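Q: One structure is given below, represented as structure tokens, and several questions about it will come after.
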Amino acid sequence: MSKAVRGDITGVILVGGKSRRMGVDKAFLELGGKPLFQRILELFLENFSRVILAGGDPERFAEYGLPLLPDLYPGSPLGGIYTALSQADTEAVFVSSCDLPFPNPAVLRYLCSLKDGFDAVVPETPKGYEPLFALYGKNCLDPIRSQLESGDFCAYAWYSQARVRVVSPAELASLDPDGTAFCNVNTPEQFAEVAAGAAKRRPAE
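With the UniProt record's numbering, letter number 125 in the sequence shown gets 125, and the count goes up by one each step, no holes.
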């Protein structure tokens, strides 16, 4: 089934991570014969008419032909969010890290559908906020910049300064029944576990 492509939201993939615990670039780890980065990219191209990259080495991603924005505040995902949001042509961006094994299209579309009336739409799991698969509007720029300039790089410490729609685990349960939408991998052991279970997953619709 084809999905509508949104022109009012820019898709942003954060590619500036160092993958220190993994030991290799997580973006290009292959799962099911496809790099993790490409799994995110394909989802974004299906849902957004604009897709950009933030942070990282342009040469690593040159083959994809996408704009890559150097971080204005290097060293943290929050800096990448700020960079992309400040330079996007749209009033809102949807941000994802580049290493989600199972990015969920139903969750993405639901989060985007909630943007009206809010500065940000952020999912929450039993482990806490998921700021790296979330939507942010231009009104977030001032509180994010203030926090970055104070030296605090926490991705969600500024939420109290904006109208943030937190999406609860209960809201997401029917869209993510196997609980893998926000799975991420930081170590070789975690990736091996994810890869071993990947064949048992049914694709998200």
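Note that the Cβ used here is the ideal one computed from N, Cα and C, for glycine as well.
If you're wondering where the values come from, they're calculated on a predicted model, not measured in any experiment.
Which residue's Cα is closest to the Cα of Lys127: Asn184, Val93, Gly56?
A: Nearest of Asn184, Val93, Gly56 to Lys127, Cα basis: Asn184.
Q: For Phe37, report the span of its beta strand (DSSP E) as first-last.
A: It is not in any beta strand (DSSP E) - Phe37 instead sits in the alpha helix (DSSP H) that spans 36-47.
Q: When DSSP labels each residue in this structure, what does Pro123 get in the three-state scheme?
A: Strand.
Q: At the level of alpha carbons, what is the spacing between Ser168 and Leu135?
A: 15 angstroms
Q: Would you be able to state if there are at least three C-beta pairs under 8 angstroms between the region 42-62 and the region 76-84?
A: yes
Q: Would DSSP call residue 206 helix, strand or coil?
A: Because the chain in this structure spans residues 1 to 205, residue 206 falls outside the shown range and cannot be described.
Q: In its own chain, which residues sit with a C-beta less than 8 angstroms from the C-beta of Leu69, not counting the 5 before and 5 after it?
A: Ile52, Leu53, Ala54, Gly55, Thr83, Ala84, Gln87
Q: Would you mind reading off the limits of the alpha helix (DSSP H) that contains Ser97?
A: Unbroken run through Ser97 is the beta strand (DSSP E), 92-97; no alpha helix (DSSP H).
Q: Out of Asp152, Glu193, Gln147, which has the shortest C-alpha to C-alpha gap to Ala162?
A: Gln147
Q: Residues in its own chain within less than 8 angstroms of Phe44 by CB, not counting five upstream and five downstream?
A: Gly11, Ile13, Val51, Phe94, Ser96
Q: Which value, in whole angstroms, describes the spacing of the CA atoms of Pro58 and Pro67?
A: Those two C-alpha atoms are separated by around 9 angstroms.
Q: Per DSSP, what kind of secondary structure is Thr187 in: helix, strand or coil?
A: coil
Q: What's the gap between the Cα of Gly33 and the Cα of Pro101?
A: About 12 angstroms.
Q: Just tell me which of Leu36, Phe133, Gln190, Thr125 has its CA closest to the CA of Gly179.
A: Thr125
Q: If distances are taken between C-alpha atoms only, which option among Gln190, Asp142, Phe48, Tyr159 comes closest to Ala120?
A: Tyr159
Q: If you draw a straight line from the alpha carbon of Ser174 to that of Gln190, how long is it in whole angstroms?
A: 25 angstroms
Q: Under a three-way DSSP split, which group does Gly156 fall into?
A: According to the sequence shown, residue 156 is Tyr rather than Gly. The answer is coil: DSSP assigns Tyr156 none of H, G, I, E or B.
Q: Give the secondary structure of Met1 by DSSP, where H, G and I count as helix, E and B as strand, and everything else as coil.
A: Here Met1 scores only 36 on pLDDT, less than 50, and its place in the model is too uncertain to base an answer on.
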